[in-house]
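*Asks:*
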Amino acid sequence: MYGFERLRFWAALLLAVGVAGMTFGGWAPSKAAADSTNLALTATASATSVNPSNPVSHLNDGIVSTSYVSADNPSFPQYVTLTWPSGQKFNSVRISGWNALGQLPKNWDIQVSDDGATNWTTVASSGDVAWSTNDSTLESRTLNFSPVTNKKGVRLKINGAYLVWNHFAMNEMRVLSTVPPPNARSTLVFNLDQGFGNGIVVNNDQVALQRIIDAVQPLQTKYNVIFVLNPMVQNKTNLKAVLDTLAANGMSFLLEAASSDVETLGSCTDTFNAPADPYHGIAASISELTGYKTRYGNYFAGLRIFEMFGQDFTIRAVKTTDPDWALPCWKIPSDSFFQINLLAPYVAFADQHNMFVQWSDPDWYRNRTWDAPQATSEQQLANLLNTYPGRVIVTYANNEIGAPASRIYDWANAIQGFVDQGASGYGLSDQSWECGSSEVTCPASTIIDWARSGLSQGASYVQFEPIWYFFQLPRGSFSYDNYTTSPDWVNRGYATSNFTALKNALLGP
Ligand SMILES: [Ca+2]
C-alpha cells in the first residue's frame with residue numbers, strides 16, 4: 004500500500020544519507036489565537052429536504068445533540084443553506100454528526116454567494132468521504148479554503164449521502180474564520196539539534212550556536228523565534244552550556260519529550276545519547292525536565308511530542324509484515340510503541356508549569372483511512388486535549404515524501420478539527436525532508452511556499468528543519484563526529500542561501 008511504500012522509502016533514505024528522520028517544531032505561549040467564532044450561530048438555516056420533526060434549525064443551534072434530518076429517499080443534489088443579513092468573512096466550514104456511515108453526507112461542495120440567493124460559487128469540495136463509525140461517535144469534517152469576504156450566504160451542495168435509513172442527517176454545521184488578524188504575531192521555530200552525533204549539542208559548538216542566534220535575530224522584528232532541541236544527549240554539561248547560551252541571548256527553547264528521533268538516534272548502546280525510554284520514544288524523564296524548568300524558567304517554554312503516530316505505524320509494520328524496516332539498534336517494544344499513558348504525564352507537566360506542548364506528526368487519519376489503529380490513537384489524543392484544554396498545539400509535518408502536491412493546500416484539514424477537542428491551535432512543520440531526492444538541495448521556493456501556506460491558513464507558528472538546510476553545518480550523522488576542529492567548518496553556523504531566501508520572504512511586504 005501507499006503508506007507502506009512511503010515508509011519503506013523513508014527507511015531507505017535514512018540509511019542512505021545517515022540521518023535520523025524527520026522532526027519538527029513549535030509555538031509560543033504568546034501566540035495569537037485564531038478567531039474560531041462560529042458564524043453559523045447567527046445565520047438562518049434552510050434546506051431543500053426536511054423531516055419536520057428534525058428541522059434544519061437544529062443544524063446551527065450550537066447543540067451537538069440536536070440534528071437536522073432530511074425527508075426520506077431524497078434525490079441529489081440537495082442544498083442546505085445558511086444566510087446572514089450582512090456580509091461575512093470566513094474560510095472554513097465544518098459538518099459533524101453521529102451514525103456517520105449510516106446517515107452523514109458522503110460528498111458535498113461548499114458554495115458561497117454575495118447576496119445569499121444567487122451566483123453561488125464553489126470554494127471547496129469534500130470528495131467522497133469515508134467515515135469511520137455507525138454508532139454514537141461524533142465525527143466531523145472540515146473543509147478549508149481561501150478566505151471569502153462579504154458573503155451573505157454559504158451552502159452545502161450535497162451530492163450524495165449515506166442512506167441506511169433512507170434519510171441523511173447532520174448534527175451541526177459550523178462556519179469559521181480561522182485566519183489570524185493582520186497584526187497577529189506568529190512563531191517561527193528552528194530545530195537546533197535532533198540528537199545527532201555531529202550535532203551542536205554533543206560538540207558544544209558555541210561558535211555555530213552564536214552565529215545562528217545572530218542570524219535569526221532580524222526575524223524577531225516580526226515573529227517570535229524559538230529553538231527546539233532533543234535533551235537525550237548523555238553529556239548533560241554540554242546540553243546545559245547550549246541552553247545557557249540561548250537563555251543568555253534571550254532565546255526561548257522547546258525540549259523534545261518524545262520523538263521518533265529517540266528511537267532512531269538513541270537506541271544504540273555505545274552512543275552519545277541516553278534516552279529515558281527508547282522503546283517508546285521518550286527522550287527525557289519528568290524529573291530531568293523539572294531540573295531544566297528550575298534552571299531556565301520561562302526560557303524553557305514548552306515540550307515537543309513528535310511523530311509518535313508515524314513511528315508507531317513503522318513499529319507495527321516491523322512487528323508484522325516488514326521486519327526489514329527496522330534500522331540498526333532499534334529497540335522494538337514488546338508492547339505498543341504509542342501509549343497515551345506514557346505521554347500524558349508530559350502534558351500534565353506542561354500544564355503544571357504553564358508551558359505549551361507541540362504535538363506533531365506527518366501521519367493523520369484523514370490521509371490514511373485504511374489504518375484503523377490510527378483512528379484509535381487520534382481519539383486518545385482528542386481525549387488528552389479535552390483533559391488539558393488550551394495546552395497543546397497540533398501540527399502537521401510535511402515530510403511525507405511522495406505526498407500529492409495538493410497537500411500544500413489541504414494539510415490543515417487533517418489537524419484543524421483538534422481545536423474543537425481542546426487544542427490551542429494548529430501549525431505546520433516546514434521540512435526540506437519532503438524533497439525525497441535530497442533534503443539539502445530541496446529548493447528554497449518549496450519551503451517558502453509551504454511557510455506561506457501555513458501562515459495564510461491560520462497556523463500560529465511554523466517550524467523549520469533540518470538545521471543544516473538553513474545554516475552551514477554537516478548533515479546529521481548517526482556516528483559521533485567533532486566537526487568543530489575541521490578546517491572545512493570554519494564558517495559553521497553562518498546562514499545558507501536557503502535561510503537568506505526564507506528570511507527575505509518572511510520579512511518582505
Ligand atoms: Ca444541532
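In this note's numbering, the protein residues as written are 4 to 512. Ideal Cβ placement from N, Cα and C applies to all residues, glycine included.
1) Look up residue 100 in the DSSP assignment and give the residues it is bridged to.
2) Using the Cβ count rule (16 or more neighbours within 10 Å means buried), how would you classify residue 494?
3) In whole angstroms, what is the alpha-carbon distance linking residue 474 and residue 497?
4) Which complete alpha helix (DSSP H) runs does the region 187–259 hold, if anything under 4 residues is left out?
5) Can the beta-carbon of residue 454 be found closer than 7 Å to that of residue 432?
6) If you count every other CB in all the chains shown that lies within 10 Å of the CB of residue 457, and 16 or more means buried, which is it?
7) Identify the continuous beta strand (DSSP E) that holds residue 177 and give its terminal residues.
8) Given that a residue counts as buried once 16 or more other Cβ atoms are within 10 Å of its Cβ, and exposed if not, what is residue 317?
9) When you compare only the Cα positions, how much space is there between residue 236 and residue 382?
10) So, residue 402 versus residue 436, is the Cβ gap smaller than 7 Å?
11) Please classify residue 130: is it buried, with 16 or more other beta-carbons within 10 angstroms of its beta-carbon, or exposed?
12) Alpha carbons only, please: which of 52, 83 and 65 is nearest the one belonging to residue 73?
13) Between the beta-carbon of residue 180 and the beta-carbon of residue 143, is there less than 7 Å?
14) Leaving out five residues before and five after residue 362 in sequence, what residues of the same chain have Cβ atoms less than 6 Å from its Cβ?
15) Specify whether the region 437–454 and the region 370–385 touch according to this definition: at least 3 beta carbon pairs, one from each stretch, less than 8 Å apart.
16) Are three or more beta carbon pairs between the region 90–105 and the region 151–160 nearer than 8 Å?
17) Check whether the region 245–255 touches the region 331–349, taking contact to mean three or more Cβ pairs, one atom from each stretch, closer than 8 Å.
18) To the nearest angstrom, how far is it from the Cα of residue 331 to the Cα of residue 287?
19) Please list, in chain order, all residues of the same chain as residue 134 whose beta carbon is under 7 Å from its beta carbon, the five residues on each side excluded.
20) Is the region 162–182 close to the region 51–66, with three or more CB pairs under 8 Å?
21) Excluding the 5 residues flanking residue 281 on each side, which residues of the same chain have their C-beta closer than 7 Å to its C-beta?
22) Is it a yes or a no for the region 155–163 touching the region 424–431, going by three-plus beta-carbon pairs under 8 Å?
23) State the beta-bridge partners of residue 357 as determined by DSSP.
24) In terms of alpha-carbon separation, which member of 57, 67 and 76 lies closest to residue 44?
25) Look up residue 93 in the DSSP assignment and give the residues it is bridged to.
26) Taking only the alpha-carbon atoms, compute the straight-line gap between residue 393 and residue 353 and give it to the nearest angstrom.
27) If you draw a straight line from the alpha carbon of residue 231 to that of residue 260, how long is it in whole angstroms?
28) Look up residue 47 in the DSSP assignment and give the residues it is bridged to.
29) Give a yes or no on whether the C-beta atoms belonging to residue 139 and residue 168 are separated by under 7 Å.
30) What did DSSP end up calling residue 69 once you bin it into helix, strand or coil?
31) Report yes if the C-beta distance between residue 492 and residue 483 is below 7 Å; otherwise report no.
32) Can you give the Cα-Cα distance for residue 126 and residue 409, rounded to whole angstroms?
33) Please work out which residues of its chain come closer than 7 Å, Cβ to Cβ, to residue 86, disregarding the five sequence neighbours upstream and downstream, and give them in chain order.
34) Do you know whose CA, among 311, 84, 472 and 422, lies nearest residue 161's CA?
35) Taking a contact to mean a Cβ-Cβ separation below 7 Å, would you say residue 374 touches residue 313 in this structure?
*Replies:* For this structure:
1) Taking the first residue of the sequence shown as 1, we reach residue 100 at position 97. Beta-bridge pairing links residue 100 to 142.
2) Sequence index remark: in the sequence shown, residue 494 carries index 491 (1-based). So residue 494 ends up on the exposed side.
3) The residue labelled residue 474 in the question sits at position 471 within the sequence shown. The residue labelled residue 497 in the question sits at position 494 within the sequence shown. Answer to the nearest angstrom: the Cα atoms are 5 Å apart.
4) If we require 4 residues or more, the alpha helix (DSSP H) runs fully inside the region 187–259 come out as 209–219 and 239–251.
5) Along the sequence shown, read from residue 1 onward, the residue named residue 454 stands at position 451. Along the sequence shown, read from residue 1 onward, the residue named residue 432 stands at position 429. The answer is no: Cβ separation not under 7 Å.
6) Position 454 of the sequence shown, counted from the first residue, corresponds to residue 457. Answer is buried; the Cβ neighbour count reaches 16.
7) Taking the sequence shown and counting its residues from 1, one reaches residue 177 at position 174. Start and end: 175–179.
8) Locating residue 317 in the sequence shown gives position 314, where the first residue counts as 1. Per the 10 Å Cβ criterion, buried.
9) What you label residue 236 is simply residue 233 of the sequence shown in a count that begins at 1. What you label residue 382 is simply residue 379 of the sequence shown in a count that begins at 1. Our two residues, residue 236 and residue 382, have alpha carbons roughly 32 Å apart in a direct line.
10) For this step, residue 402 is matched to residue 399 along the sequence shown. For this step, residue 436 is matched to residue 433 along the sequence shown. Yes, these two residues count as a Cβ contact at 7 Å.
11) As a first step, residue 130 must be located in the sequence shown, where it is residue number 127. The residue in question, residue 130, is exposed, as its Cβ has fewer than 16 Cβ neighbours within 10 Å.
12) Residue mapping note: residue 73 aligns to position 70 of the sequence shown, counting from 1. For the set 52, 83 and 65, the Cα lying nearest the Cα of residue 73 is the one of 52.
13) Here residue 180 corresponds to residue number 177 of the sequence shown, with the count starting at 1. Here residue 143 corresponds to residue number 140 of the sequence shown, with the count starting at 1. No, these two residues do not count as a Cβ contact at 7 Å.
14) Counting from 1 along the sequence shown, the entry for residue 362 is found at position 359. In its chain, beyond the 5 residues on either side, 308, 395 and 397 have a beta carbon closer than 6 Å to the beta carbon of residue 362.
15) With fewer than three CB-CB distances shorter than 8 Å, the region 437–454 does not count as touching the region 370–385.
16) Yes: the two stretches touch, three or more of their Cβ pairs being nearer than 8 Å.
17) Not touching, per the Cβ criterion.
18) Here residue 331 is taken as the residue at index 328 of the sequence shown, counted from 1. Here residue 287 is taken as the residue at index 284 of the sequence shown, counted from 1. The straight-line gap separating the alpha-carbon atoms of residue 331 and residue 287 is approximately 22 Å.
19) Here residue 134 is taken as the residue at index 131 of the sequence shown, counted from 1. Around residue 134: 103, 104, 107 and 142.
20) Contact between the region 162–182 and the region 51–66 is present: three or more C-beta pairs spanning the two stretches fall below 8 Å.
21) As a first step, residue 281 must be located in the sequence shown, where it is residue number 278. Apart from the 5 residues on each side of it in sequence, residue 281 sits with its Cβ closer than 7 Å to the Cβ of 265, 266, 269, 270 and 334 in its chain, given in chain order.
22) Taking 8 Å as the limit for Cβ pairs, the verdict is that the region 424–431 does not touch the region 155–163.
23) For the purposes of this step, residue 357 is taken as the residue at position 354 of the sequence shown. Per DSSP, none; premise fails for residue 357.
24) Sequence index remark: in the sequence shown, residue 44 carries index 41 (1-based). Among 57, 67 and 76, the Cα nearest to that of residue 44 belongs to 67.
25) The residue given as residue 93 occupies position 90 in the sequence shown. Paired residues: 151.
26) Position 390 of the sequence shown holds residue 393. Position 350 of the sequence shown holds residue 353. Near 11 Å, if we compare the C-alpha coordinates of residue 353 and residue 393.
27) To locate residue 231, count along the sequence shown from 1; it is residue 228. To locate residue 260, count along the sequence shown from 1; it is residue 257. Distance between the alpha carbons of residue 231 and residue 260 is about 11 Å.
28) Taking the sequence shown and counting its residues from 1, one reaches residue 47 at position 44. Beta-bridge pairing links residue 47 to 86.
29) Start at 1 with the first residue of the sequence shown, and residue 139 comes out as number 136. Start at 1 with the first residue of the sequence shown, and residue 168 comes out as number 165. It is not a contact, given that the beta carbons lie outside the stated cut-off.
30) On the sequence shown, position 66 is the one that residue 69 refers to. DSSP places residue 69 in coil when its eight states are reduced to three.
31) Here residue 492 is taken as the residue at index 489 of the sequence shown, counted from 1. Here residue 483 is taken as the residue at index 480 of the sequence shown, counted from 1. Not in contact: residue 492 and residue 483 (Cβ atoms no closer than 7 Å).
32) As a working mapping, residue 126 is identified with position 123 in the sequence shown. As a working mapping, residue 409 is identified with position 406 in the sequence shown. Rounded to whole angstroms, residue 126 to residue 409 spans 15 Å at the Cα level.
33) In the sequence shown, the residue the question calls residue 86 occupies position 83. Correct list, in chain order: 46, 47, 119, 155 and 156.
34) Within the sequence shown, residue 161 is the residue found at index 158, counting from 1. That would be 84, whose Cα lies nearest to the Cα of residue 161.
35) Taking the first residue of the sequence shown as 1, we reach residue 374 at position 371. Taking the first residue of the sequence shown as 1, we reach residue 313 at position 310. Result no, Cβ atoms of residue 374 and residue 313 do not sit closer than 7 Å.
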